[in-house]
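This report concerns only the one structure given below.
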Amino acid sequence: MKFLDLFAGIGGFRLGMEAAGHECVGYVEWDKYARKSYEAIHKTEGEWTAHDITGVTDNDLRLLKGKGIDVICGGFPCQSFSVAGKRGGFDDTRGTMFFEIARFAEQIKPRILFLENVKGLLSHDQGNTFGTILNTLDELGYDCEWQVLNSSAYAAQSRERVYIIGHLRGERRSEVFPFTNTGTNNLIKIIDGHQTYRVYSPAGLARTLMGEGGNLNDKAGQYLIGGKIRRLTPKECFRLQGFPDVAFDKAAEVTSDSQLYKQAGNSVTVNVIHEIAKRL
């Protein structure tokens, strides 16, 4: 299926979707450093793109509708719903970005919406925020299903996120959720197109991260070797999100380490996206 990549970041959605056989026809990302990494990692020549989603016009949306888009993907900004932030929700301008997805869906009418956000979205404002999202999508003709998944079931980190699938009413559909594998696997394959990295439980560490006698301090994101602390490298952070080394190397050519850390932290986990994308 053809998909549109909104709030694209460095392309975690894209890698997972493409690994499942889907085709990207366009992307939107406002952060100039993330765009540089995205365009270095992916083959974007000839694709439709926009920097600012709020500046996409009705004419642009009519053009996109003509491309036969089946899926709109989007990990819309989560800071306003996260327990780590101030949780401003729709009072925060970042929270209103969901309504840009709704605007795209209303005009393009894809068969599927594939969305991601922090777990805190479900409880924000005693559930009223999530209720507003579901009501909005219902009014647009989408029936939704969702599940909280932990990346630890598919990658070497603990990262809980809610994944939402909206099905356009009247289209042929199959349920995506529930996923029964929500714990930590003993052996996990990380997508990279050619090579497989192994992750073992219970330590949950890629063998490429482990040194003799090494342990990972998950809360601090630090790596202990012989009692000495070492931070994870940007490449290791990309690996924890399921990005192949070749993708990291391309991104590292165009941006700084500080941006690479930020980009990995803001990304979706490729492995989880891939597992869901296979069921679409």
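Numbering-wise, the working numbering puts 270 at position 261 of the sequence shown, and it's gapless, one number per residue.
Backbone N, C-alpha and C fix where the C-beta goes; we use that ideal spot for every residue, glycine too.
Inter-residue CB distance, residue 17 and residue 36 (contact presumed, cutoff 8 Å): On the sequence shown, position 8 is the one that residue 17 refers to. On the sequence shown, position 27 is the one that residue 36 refers to. Sure, about 4 Å apart at Cβ, within 8 Å.
Compute the beta-carbon to beta-carbon distance between residue 139 and residue 82, rounded to the nearest angstrom, for a pair I have assumed lies under 8 Å. Along the sequence shown, read from residue 1 onward, the residue named residue 139 stands at position 130. Along the sequence shown, read from residue 1 onward, the residue named residue 82 stands at position 73. Not a contact, Cβ separation roughly 19 Å.
On the DSSP letters alone, give me the boundaries of the beta strand (DSSP E) that residue 176 sits inside. Here residue 176 corresponds to residue number 167 of the sequence shown, with the count starting at 1. Note, residue 176: beta strand (DSSP E), 169-177.
For residue 26, which option in 38, 127, 262 and 12 has the closest C-alpha, if you only look at C-alpha atoms? Your numbering for residue 26 matches position 17 in the sequence shown. With distances taken between Cα atoms, residue 26 lies closest to 12.
Reducing DSSP to helix, strand and coil, say where residue 58 ends up. Taking the first residue of the sequence shown as 1, we reach residue 58 at position 49. Here residue 58 sits in strand by DSSP.
Alpha-carbon to alpha-carbon, residue 60 and residue 40: Your numbering for residue 40 matches position 31 in the sequence shown. Your numbering for residue 60 matches position 51 in the sequence shown. Spanning the two alpha carbons is a distance of roughly 8 Å.
Does the region 153-172 come close enough to the region 113-121 to have 3 or more Cβ pairs within less than 8 Å? no
DSSP state of residue 158 mapped onto helix, strand, coil: Within the sequence shown, the letter at position 149 stands for residue 158. Correct three-state label for residue 158: strand.
Closest residue to residue 241 among 267, 75 and 183 (Cα-Cα distance): Residue 241 sits at position 232 when you count from the first residue of the sequence shown. Of the listed residues, the one whose Cα sits closest to residue 241 is 267.
If you check the beta carbons only, do residue 188 and residue 284 fall under 9 Å apart? Stepping through the sequence shown from its first residue, residue 188 is reached at position 179. Stepping through the sequence shown from its first residue, residue 284 is reached at position 275. Against a cut-off of 9 Å, the Cβ pair of residue 284 and residue 188 comes out as a contact.
Below 9 Å between beta carbons: does that hold for residue 20 and residue 42? Working through the sequence shown from its first residue, we reach residue 20 at position 11. Working through the sequence shown from its first residue, we reach residue 42 at position 33. No, the pair does not count as a contact, with Cβ atoms beyond the cut-off.
Helix, strand or coil: which one does DSSP assign to residue 79? If you number the sequence shown from 1, residue 79 lands on position 70. Correct three-state label for residue 79: coil.
Roughly how many angstroms lie between the CA atoms of residue 15 and residue 70, to the nearest whole one? Position 6 of the sequence shown, counted from the start, is the residue given in the question as residue 15. Position 61 of the sequence shown, counted from the start, is the residue given in the question as residue 70. Taking the straight line joining both Cα atoms gives about 13 Å.
Roughly how many angstroms separate the alpha carbons of residue 200 and residue 65, rounded to a whole number? On the sequence shown, residue 200 is found 191 positions in, with the first residue counted as 1. On the sequence shown, residue 65 is found 56 positions in, with the first residue counted as 1. Because residue 200 sits at a pLDDT of 35, beneath the cut-off of 50, its placement in the model cannot be relied upon, and the following sentence gives the value as read from the coordinates. Looking at the two C-alpha atoms, the distance is approximately 33 Å.
Inspect the beta-carbon positions of residue 163 and residue 251 and report whether they are closer than 9 Å. Counting from 1 along the sequence shown, the entry for residue 163 is found at position 154. Counting from 1 along the sequence shown, the entry for residue 251 is found at position 242. Going by C-beta atoms, residue 163 is nearer than 9 Å to residue 251.
Rounded Cβ spacing between residue 31 and residue 260 (contact assumed at less than 8 Å): For the purposes of this step, residue 31 is identified with residue 22 of the sequence shown, where counting begins at 1. For the purposes of this step, residue 260 is identified with residue 251 of the sequence shown, where counting begins at 1. Not really, about 22 Å apart at Cβ, beyond 8 Å.
Below 8 Å on the Cβ atoms is my guess for residue 80 versus residue 110; work out the distance and round it to an integer in Å. Within the sequence shown, numbered from 1, the residue matching residue 80 stands at position 71. Within the sequence shown, numbered from 1, the residue matching residue 110 stands at position 101. Contact doesn't hold; Cβ gap of about 12 Å is too wide.
If you reduce the DSSP assignment to three classes, tell me which class residue 120 lands in. On the sequence shown, residue 120 is found 111 positions in, with the first residue counted as 1. Coil.
Using a Cβ-Cβ distance under 9 Å, would residue 141 count as near chain B? The structure shown has no chain B; it contains just one protein chain.
So what does residue 37 bridge to, in DSSP terms? For the purposes of this step, residue 37 is taken as residue 28 along the sequence shown, with counting starting at 1. 59.
May I ask you to report which of helix, strand or coil DSSP gives residue 107? Mapped onto the sequence shown, residue 107 falls at position 98. The answer is helix: DSSP assigns residue 107 an H, G or I state.
Please classify residue 148: does DSSP put it in a helix, a strand, or coil? The sequence position of residue 148 within the sequence shown is 139, counting from 1. Reduced to three states, the DSSP call for residue 148 is helix.
Span of the beta strand (DSSP E) around residue 14: Taking the first residue of the sequence shown as position 1, residue 14 is located at position 5. Per DSSP, residue 14 belongs to the beta strand (DSSP E) from 11-15.
Quick one: what's got a C-beta closer than 6 Å to residue 204's C-beta in the same chain, skipping five residues either side? Position 195 of the sequence shown, counted from the first residue, corresponds to residue 204. Note that residue 204 scores 33 on pLDDT, short of 50, meaning its location in the model is unreliable and no value can be drawn from it.
Give the straight-line distance between the Cα atoms of residue 10 and residue 85, rounded to the nearest whole angstrom. Start at 1 with the first residue of the sequence shown, and residue 10 comes out as number 1. Start at 1 with the first residue of the sequence shown, and residue 85 comes out as number 76. In a straight line, the C-alpha of residue 10 is about 21 Å away from that of residue 85.
Determine the burial state of residue 166: buried for a count of at least 16 other Cβ atoms within 10 Å of its Cβ, exposed for fewer. Mapped onto the sequence shown, residue 166 falls at position 157. That one is buried.
Under 9 Å between C-beta atoms of residue 154 and residue 176: Counting from 1 along the sequence shown, the entry for residue 154 is found at position 145. Counting from 1 along the sequence shown, the entry for residue 176 is found at position 167. Yes, the Cβ-Cβ distance between residue 154 and residue 176 is below 9 Å.
Considering residue 275, what are the terminal residues of the alpha helix (DSSP H) in which it resides? Within the sequence shown, numbered from 1, the residue matching residue 275 stands at position 266. 266-275 is the span of the alpha helix (DSSP H), which, as asked, contains residue 275.
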